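Protein chains in written order, with my numbering: chain F, 1 to 240; chain W, 1001 to 1240. Presented below is the structure to which this report refers.
Number of protein chains: 2
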Amino acid sequence: MHKLSSMDASTPSHKPAARAAQALRETLEYDIAVGLYPPGTRLDEVSLATRFQVSRTPIREALIELSASGLVEIRPRRGAFVREIGIPRLIEMFEVMAELEAMCARLACRRMTASEHEALQAAHEACEAAAAAGEPDAYFHANEKFHDAIYRGSGNGYLAEQARSLQNRLKPYRRLQLRVRNRMGNSLAEHQQIVDAILAGDDRKAEGALRSHILIQGERFNDFVATLSTVGEPARSRAG
Amino acid sequence: MHKLSSMDASTPSHKPAARAAQALRETLEYDIAVGLYPPGTRLDEVSLATRFQVSRTPIREALIELSASGLVEIRPRRGAFVREIGIPRLIEMFEVMAELEAMCARLACRRMTASEHEALQAAHEACEAAAAAGEPDAYFHANEKFHDAIYRGSGNGYLAEQARSLQNRLKPYRRLQLRVRNRMGNSLAEHQQIVDAILAGDDRKAEGALRSHILIQGERFNDFVATLSTVGEPARSRAG
DNA sequence: TCAACGGTTTTTGTATACAAGAGAGGCGCG
DNA sequence: CGCGCCTCTCTTGTATACAAAAACCGTTGA
């Protein structure tokens, strides 16, 4: 192939990549997530093509994939823009996320196998370790695995996929609010309740615990952005 | 057979289409839904290009969009195939659909406006009319509008989008099972209960009614395919 | 001075050309 | 006669070329 070496400069992983477009999509996802391309940014095809040393074709394909996943918006004959999610929409997404996770928890109570129970506990302990060490990044990753263990435990592969996808979509925002004072400790306590409920098979309790666990995140995020009210809004400049 | 001279020959709508790729996607969605391309079919790019009188480029873009929505699967260097959903996966999807709709109902109880109440009742009456006339197709469309009224009533735009998207994905299967004996009448009765609960603001009841309304569909579908067990499977003949 | 108009330029969308991997089939070998 | 390898073809994936639409910008007229 060509010099793909430069192209994953910003991605942590670097696979051979059967199709360049797919690798490009992942790279762009990452770059958008970390803020290299802030919301509202126009993603110029030729600039991206020159940056990644490929032609416009795979760039376009990657942008189309991103638009399907909702990360960018393609306006006909106008180009691709990093989608601005806006606080109201974000709250809506957290609301849905809460319900998906609650559903996972409910199903997990009835369907989890013994080995899945172990995996859940292991993930929980990893969270404890990260929290004890006071490392937000480590906690963030352990937290992802914790939730993923519940998704898997739902015994519903489609549900797990959807949950994972939305979790991924909300990732940058969840990450932000982890910095809120004592959020890590509270999160861990909530995890403990969730684990207890699931292991006890109490589906009502597990469902409720997980739902509020997520809703709290949404609310905390809401508080958080309220603090930065002047910073959160100017992105809306497109309306002119 | 090949003389589908105009490309939207099989689509009901015909817009000018800013991008051909998007129109192509809709056409292919429709064609797959109605069974023109059964599950497992390989979607050859050049064949599609000649059929639609365009080059491979917009075809590829349409296929990528379809793969993102899950309708087709793109295997690297192998081509695009109409995705075989398989009964287990389908049941999983119905399970998620039930939860999404239940959530819509719950939220709708608290958030629906007066005009949305009217819209819901109007949609319900349209269903009654179609059922009275004994027209499954008309009922199918009225039913879609009925459910959409609830999605909208949830006051959660993201949720509504997701619900609509999944409903669309399940459309062909729901349509199938409408033919089951007396399903239309039962469906209507369930609708009545849902409307009553929502108008009364009884979120628990509405949630439960809508959830079982969908789950019943899934079960009926399961029964239905069980009947055709010999017909449902042969698509897996790749090994042959 | 401002607004509307027309040409120019940039950028998207599509078509075509080219490269490379995957599969089929034939050939040789065991 | 069966198995494996090699070649050849067919298809996908990418690059480039071209068309058309939209943005840009200066001009012109009121």
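Note that beta-carbon positions come from the ideal geometry of N, C-alpha and C, so glycine has one too. The model shown is predicted, which means the values in this text are computed figures rather than measured ones.
Coil, strand or helix - residue i by DSSP
i, result
"F/Leu-241", "Look at the range of chain F in this structure, 1 to 240, and you will see that residue 241 of chain F is not part of it."
"F/Leu-43", "strand"
"W/Ile-1216", "helix"
"F/Gly-35", "coil"
"F/Ala-18", "coil"
"F/Val-195", "helix"
"W/Gly-1153", "helix"
"W/Ser-1006", "Because W/Ser-1006 carries a pLDDT of 37, less than 50, the predicted location of this residue cannot be relied on, and no value is offered for it."
"F/Gly-79", "strand"
"W/Cys-1127", "helix"
"F/Gln-53", "coil"
"W/Val-1225", "helix"
"F/Met-103", "helix"
Sequence-distant residues of its chain with Cβ nearer than 8 Å to residue i (five each side left out)
i, result
"F/Phe-224", "Leu-176, Gln-177, Val-180"
"W/Val-965", "Outside the shown range of chain W (1001 to 1240) lies residue 965 of chain W, about which nothing can therefore be said."
"W/Arg-1060", "Glu-1045"
Pick from the options that is closest to residue i, judged by C-alpha positions
i, options, result
"W/Gly-1079", "W/Ile-1091, W/Leu-1066, W/Pro-1172, W/Met-1103", "W/Leu-1066"
"F/Asp-203", "F/Val-54, F/Leu-71, F/Ser-154", "F/Ser-154"
"F/Phe-81", "F/Glu-135, F/His-147, F/Pro-38, F/Val-34", "F/Pro-38"
"W/Gly-1185", "W/Ala-1131, W/Ala-1142, W/Gly-1157", "W/Ala-1131"
"W/Glu-1092", "W/Leu-1166, W/Pro-1172, W/Cys-1104", "W/Leu-1166"
"F/Leu-188", "F/Arg-152, F/Asn-222, F/Gln-121, F/Tyr-158", "F/Gln-121"
"W/Pro-1088", "F/Gln-217, F/Asp-31, F/Glu-84, F/Gly-157", "F/Gly-157"
"F/Ala-18", "W/Glu-1045, W/Met-1112, W/Pro-1076", "W/Pro-1076"
"F/Asn-143", "F/Leu-48, F/Val-46, F/Asn-168", "F/Asn-168"
"W/Ile-1085", "W/Leu-1170, W/Gln-1217, W/Glu-1219", "W/Leu-1170"
"F/Ala-49", "F/His-141, F/Leu-28, F/Asn-222", "F/Leu-28"
"W/Ile-1214", "W/Phe-1052, W/Ile-1198, W/Arg-1183, W/Gly-1201", "W/Arg-1183"
"W/Gly-1070", "F/Glu-161, F/Leu-36, F/Lys-205", "F/Glu-161"
"W/Leu-1036", "W/Ile-1216, W/Asn-1222, W/Pro-1172, W/Gln-1217", "W/Pro-1172"
"F/Phe-52", "F/Leu-90, F/Gly-40, F/Asp-31", "F/Asp-31"
"F/Ala-21", "F/Thr-41, F/Pro-58, F/Ser-47", "F/Pro-58"
Cβ-Cβ separation, residue j to residue i (assumed contact under 8 Å), whole Å
i, j, result
"F/Ala-68", "F/Leu-24", "14 Å between Cβ atoms; not a contact."
"W/Cys-1104", "W/Leu-1159", "6 Å"
"F/Ile-198", "F/Met-97", "Actually they are not in contact, since the Cβ atoms of F/Ile-198 and F/Met-97 sit about 18 Å apart, beyond 8 Å."
"F/Arg-164", "F/Glu-116", "Contact doesn't hold; Cβ gap of about 16 Å is too wide."
Contacts of residue i in chain W (Cβ-Cβ under 9 Å)
i, result
"F/Gln-162", "Val-1096, Gln-1162, Leu-1166"
Neighbouring residues, chain F, relative to residue i (Cβ below 8 Å)
i, result
"W/Gly-1153", "Result: empty, since nearest Cβ-Cβ is about 14 Å, beyond 8 Å."
The ligand ZN heavy atom lying under 8 Å from the CB of residue i
i, result
"W/His-1141", "Absence of the ligand ZN from the depicted structure is noted, as is the absence of any ligand whatsoever, leaving it without description."
Cβ-based neighbour list, residue i, same chain, cut-off 7 Å, excluding 5 preceding and 5 following
i, result
"W/Ala-1119", "Ala-1149"
"W/Ala-1226", "none"
"W/His-1191", "His-1124, Cys-1127, Phe-1146"
"F/Val-72", "Leu-43, Leu-63, Leu-66, Ala-80, Phe-81, Val-82, Arg-83"
"F/Val-34", "none"
"F/Ala-138", "Ala-130"
"W/Lys-1140", "The question names Lys, but residue 1140 of chain W in the sequence shown is Phe. If we look at W/Phe-1140 and ignore the five residues flanking it on each side, its Cβ neighbours are Arg-1175, Leu-1178."
"F/Leu-107", "Ser-154, Gly-155, Asn-156"
Partners in chain W for residue i, counting only beta-carbon separations shorter than 7 Å
i, result
"F/Pro-76", "Ala-1018, Arg-1019"
"F/Ile-64", "Glu-1061, Ile-1064, Glu-1065"
"F/Ala-68", "Glu-1065, Ala-1068, Ser-1069"
Spatial neighbours of residue i in its chain, beta-carbon cut-off 6 Å, leaving aside the 5 residues before and after
i, result
"F/Ala-102", "Glu-207, Leu-210, Arg-211"
"W/Gly-1240", "Note that W/Gly-1240 scores a pLDDT of 25, beneath 50, so its modelled location is shaky; the value from the coordinates is reported in the next line. Excluding positions up to five away in sequence, the list is empty."
"F/Arg-220", "Gln-177, Val-180"
"W/Ile-1074", "Ser-1067, Ala-1080"
Interface residues of chain W facing residue i [CB-CB closer than 8 Å]
i, result
"F/Met-93", "Tyr-1158"
Residues that residue i contacts on chain F, provided the C-beta gap is smaller than 7 Å
i, result
"W/Met-1103", "Glu-99"
Proximal chain F residues relative to residue i, where beta-carbon distance stays under 9 Å
i, result
"W/Arg-1089", "Gly-157, Tyr-158"
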